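Working notes, beginning with the structure itself.
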Amino acid sequence: MRLLAFEGVSFSYNGKSAIDGLSFSVGRGELLSVFGPNGSGKSTLLRLACGALRPGTGSIKAGGRPLAGLAPREQAALAAYVPSEPYVPFDFTALDIALMGRSPLLRWWRDYRPEDREAALRALDACGIAGLAGRGINSISSGERQLAFLAQALAGGAPLLLLDEPTSHLDLKYRSAFFGTLAALREGGLSAIVVSHDLRLAAAYSTSALVLSGGRALFHGPAGEALAPELLARAYSMPPEAAARLA
Amino acid sequence: MSSGKAAAALLGLAACAALALVSGPAGADPDIILNIRLPRVLAAALVGAALSVAGAILQGVLKNPLADPYIIGTSSGAMAGAAGAAWLGLGPLSPLFYLLVGGGGLGATAAAYRLARIKGRTSGVAMLLAGVAVSSFLAALVMLLVSLDRGRGLPLLSFLLGTVRAFEPAALAALAAVTLAGAAAAALLGRQLDILSAGEEGATRLGVPVERMKLVLFSLAALLTAAAVAVAGAVGFVGLIVPHAARRLFGPRHAGLAFYSAVCGAGFLMLADALARTAAAPAELPAGVITALAGAPFFLFLLRRSPGEDRR
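Next comes the structure, spelled out in structure tokens:
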């Protein structure tokens with residue numbers, strides 16, 4: 001089943017093209033890495049995928065239905081978003097953060113129910129931070145904080161996760177822990193689109209990859225092949241030998 | 001929200017009320033307590049609660065622990081309304097006074113909101129900046145009126161400093177209704193406010209109608225603030241420090257925070273007003289002077305004591 005499908009999607013900001021005729025799809029159990037230089041359209045792709053932006057031309061389908069026709073609540077039930085470097089000014093607990101992921105399932109005046117609490121705790125557990133449930137989100141490490149936001153995305157039960165450079169500010173240990181968690185979740189049947197600059201790490205854990213340049217797909221296929229030096233050299237406009245050392 | 005903590009908070013509130021009722025230069029005369037102090041203590045409690053709930057809402061929406069009810073322009077607008085009323089010779093006994101103060105407060109907030117709105121979105125930073133600009137402009141206007149009209153300037157000055165006065169029962173009833181409804185609404189929207197305060201990007205994706213919610217919450221805060229200003233002038237610091245203290249004591253979730261801010265704010269201003277009445281008796285100090293004198297050091301103490309939030 002296609003969880004999400006882009007069909008000839010183009011999008012421009014005030015006449016400046018950001019995504020240009022892009023087609024791809026994500027199926028169940030697929031972990032898709034999106035690579036490309038800054039300004040190549042990676043973040044725009046994620047914003048389109050979660051319905052925050054509407055395509056100029058082409059269509060985006062989620063679960064076989066046009067994304068634009070879905071209510072925010074239905075969109076949230078299909079795909080959950082993990083932000084890049086979440087800053088929370090107030091010291092909510094990790095459990096509070098995970099619980100927020102249950103919000104789309106509730107009417108606006110309702111408080112969380114016992115089953116929401118259970119789902120949030122299960123999500124924290126799946127991310128390996130069940131022991132931090134009662135800790136303040138600003139008193140744990142940035143890697144653990146990122147995992148709490150992954151738990152938030154999981155708690156809502158959406159089959160597709162959208163991650164925007166989730167590991168860009170983490171050290172090596174947490175980068176690999178984060179991708180390890182993602183891979184375990186994928187084996188449990190979850191799908192994800194990950195925008196990342198961690199080419200090697202992301203490719204190692206992904207099933208497929210999409211390389212963007214100037215809003216177009218330079219490559220869409222098995223993750224391992226995305227690291228070919230000639231491909232990266234073209235995408236990032238750099239000499240192939242430099243690309244070979246990087247990837 | 002645990003029932004034990006709620007009971008403790010209410011007990012503390014009752015203690016503050018009792019203390020405020022018996023303290024005063026005339027001692028504990030039942031007649032004075034019932035007829036003179038009770039309405040005033042009640043007014044102080046309501047003003048404190050309204051400002052604190054408004055502060056809790058604004059700190060949440062603006063994701064800024066330093067936001068307070070005056071930062072989005074409400075207070076300056078209300079002040080300008082009061083100055084205009086004084087210019088027209090209207091005092092707190094005229095219903096038109098309340099209309100001008102309320103209208104000024106809501107009008108200034110709406111102006112800041114409109115100015116901060118760019119391409120259908122109102123960012124927290126833009127709202128803060130627009131609020132500061134609107135505030136400064138209107139505050140200068142008020143000062144202009146005060147300097148031009150020395151005769152009426154003095155009562156206006158005490159209003160500017162924040163003084164809980166004797167009131168119209170109708171104004172008190174209106175303040176009570178606004179405060180209770182505002183606190184209840186904030187508690188009901190607590191879950192959405194939590195999500196907004198943890199990041200706007202994520203809030204949309206969690207099904208929160210961000211712009212609509214902001215409009216509702218700003219209106220709510222402005223209404224609470226304007227109602228408080230109409231009765232007591234600009235009492236500073238309450239709306240800034242009380243939500244902070246409540247958050248430290250009872251946690252950051254807004255459903256509980258709305259309740260605890262109301263309770264703590266009521267207790268704090270009752271005590272501050274009691275001190276304002278007694279400290280320099282028979283002279284009376286503006287309650288706003290007491291809240292700032294007591295509030296600023298307490299605020300610094302809180303900031304320095306606990307790690308975690310506000311320290312990034």
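Those sequence lines, one after another, are chains P and H.
Its first residue numbered 1, the first sequence is counted upward by one per residue in my numbering.
Its first residue numbered 1, the second sequence is counted upward by one per residue in my numbering.
Built from N, CA and C at the ideal position, the CB exists for glycine as well.
A quick note: this is a predicted structure, and the numbers were derived from the prediction, not measured.
Counting only Cβ pairs nearer than 7 Å, list the residues of chain P close to residue i.
| i | result |
| --- | --- |
| glycine 202/H | Tyr81 and Pro83 |
| phenylalanine 252/H | Looking at the sequence provided, one finds proline at residue 252/H rather than phenylalanine. Within chain P, the residues near proline 252/H are Phe90, Asp91 and Phe92. |
| lysine 63/H | Pro89 |
Tell me the residue span of the beta strand (DSSP E) that contains residue i.
| i | result |
| --- | --- |
| aspartate 164/P | 160-164 |
| threonine 225/H | Premise fails: threonine 225/H lies in the alpha helix (DSSP H), 210-232, not in any beta strand (DSSP E). |
| proline 169/H | Here proline 169/H belongs to no beta strand (DSSP E); instead the alpha helix (DSSP H) covers 169-188. |
| isoleucine 60/P | 57-62 |
| glutamate 7/P | 2-13 |
| valine 146/H | Counting along the chain, valine 146/H falls outside any beta strand (DSSP E), though it belongs to the alpha helix (DSSP H) covering 124-148. |
For residue i, go through chain P and note every residue whose CB falls closer than 9 Å to its CB, in chain order.
| i | result |
| --- | --- |
| arginine 247/H | Phe90 and Asp91 |
Does any CB atom of chain P fall closer than 8 Å to the CB of residue i?
| i | result |
| --- | --- |
| alanine 194/H | According to the sequence displayed, residue 194/H carries aspartate and not alanine. With 8 Å as the cut-off, aspartate 194/H counts as an interface residue toward chain P. |
| glutamate 309/H | Because the pLDDT of glutamate 309/H is 46, which lies under 50, any placement of that residue in the model is unreliable, and the number read from its coordinates should be weighed accordingly. It does; some Cβ of chain P falls within 8 Å. |
| arginine 312/H | A caution first: arginine 312/H carries a pLDDT of 37, below 50, which makes its placement in the model unreliable, though a value can still be read off. So yes, arginine 312/H belongs to the interface. |
| leucine 188/H | yes |
Would the beta-carbon of residue i fall within 8 Å of that of residue j?
| i | j | result |
| --- | --- | --- |
| threonine 122/H | threonine 74/H | no |
| glycine 91/H | alanine 112/H | no |
| phenylalanine 159/H | glycine 233/H | yes |
| threonine 44/P | alanine 5/P | no |
| valine 235/H | leucine 285/H | no |
| alanine 80/H | glycine 104/H | yes |
| valine 238/H | glycine 265/H | yes |
| alanine 246/H | tyrosine 260/H | yes |
| serine 142/P | leucine 170/P | yes |
| alanine 212/P | lysine 42/P | It is worth fixing the name first, because residue 212/P is leucine in this sequence and not alanine. For leucine 212/P and lysine 42/P, yes; Cβs fall inside 8 Å. |
| valine 61/H | alanine 85/H | no |
| glycine 55/H | proline 69/H | yes |
| isoleucine 193/P | alanine 49/P | yes |
Which residues in chain H sit within 8 Å of residue i, going by Cβ to Cβ distance?
| i | result |
| --- | --- |
| methionine 238/P | Chain H residues near methionine 238/P: none, gap ~31 Å exceeds 8 Å. |
| serine 206/P | By Cβ distance, chain H contributes nothing, its closest Cβ being about 22 Å from serine 206/P, past 8 Å. |
| alanine 52/P | Thr204 and Arg205 |
Using a Cβ cut-off of 8 Å, pull out every chain P residue sitting near residue i, in sequence order please.
| i | result |
| --- | --- |
| glycine 199/H | Pro83, Pro86, Tyr87 and Val88 |
Should residue i go down as buried or exposed, given a rule of 16 or more other Cβ atoms within 10 Å for buried?
| i | result |
| --- | --- |
| glycine 263/P | Absent from the model: residue 263/P. The displayed extent of chain P is 1 to 247, so no value can be given. |
| asparagine 138/P | buried |
| glycine 48/H | buried |
| isoleucine 72/H | buried |
| tyrosine 81/P | buried |
| alanine 173/H | exposed |
| arginine 110/P | exposed |
| lysine 119/H | exposed |
| arginine 28/P | exposed |
| arginine 312/H | Only weak support is given to the placement of arginine 312/H: the predicted model assigns it a pLDDT of 37, under 50, and the value that follows is read from those uncertain coordinates. The residue is exposed, with fewer than 16 neighbouring Cβ atoms inside 10 Å. |
| valine 53/H | buried |
| alanine 116/H | buried |
| arginine 277/H | buried |
| glutamate 165/P | buried |
| glutamate 309/H | Only weak support exists for where glutamate 309/H lies, its pLDDT of 46 falling under 50; the value from the coordinates is given anyway. That one is buried. |
Along chain H, in chain order, which residues have C-beta atoms closer than 9 Å to that of residue i?
| i | result |
| --- | --- |
| cysteine 127/P | The premise fails here: cysteine 127/P is roughly 16 Å from chain H at the closest Cβ pair, so nothing lies under 9 Å. |
Indicate whether at least one CB of chain H lies closer than 8 Å to the CB of residue i.
| i | result |
| --- | --- |
| isoleucine 140/P | no |
| arginine 73/P | yes |
| aspartate 96/P | yes |
| alanine 76/P | yes |
Which bits of chain H does residue i rub up against, with CB to CB less than 7 Å?
| i | result |
| --- | --- |
| aspartate 111/P | Arg191 and Ala255 |
| proline 104/P | Leu206 and Gly207 |
| alanine 192/P | Going along chain H, no residue has its Cβ under 7 Å from alanine 192/P, so there is no contact; the nearest lies around 15 Å. |
The alpha helix (DSSP H) spanning residue i covers which residue range?
| i | result |
| --- | --- |
| arginine 200/P | 199-205 |
| leucine 99/H | 95-116 |
| serine 23/P | Segment 16-27 is the beta strand (DSSP E) holding serine 23/P; no alpha helix (DSSP H) there. |
| leucine 11/H | 3-22 |
| histidine 220/P | Segment 216-222 is the beta strand (DSSP E) holding histidine 220/P; no alpha helix (DSSP H) there. |
Using 8 Å as the limit for Cβ to Cβ distance, is residue i near chain C?
| i | result |
| --- | --- |
| threonine 44/P | Considering every chain present, this structure includes no chain C. Its protein chains are P and H. |
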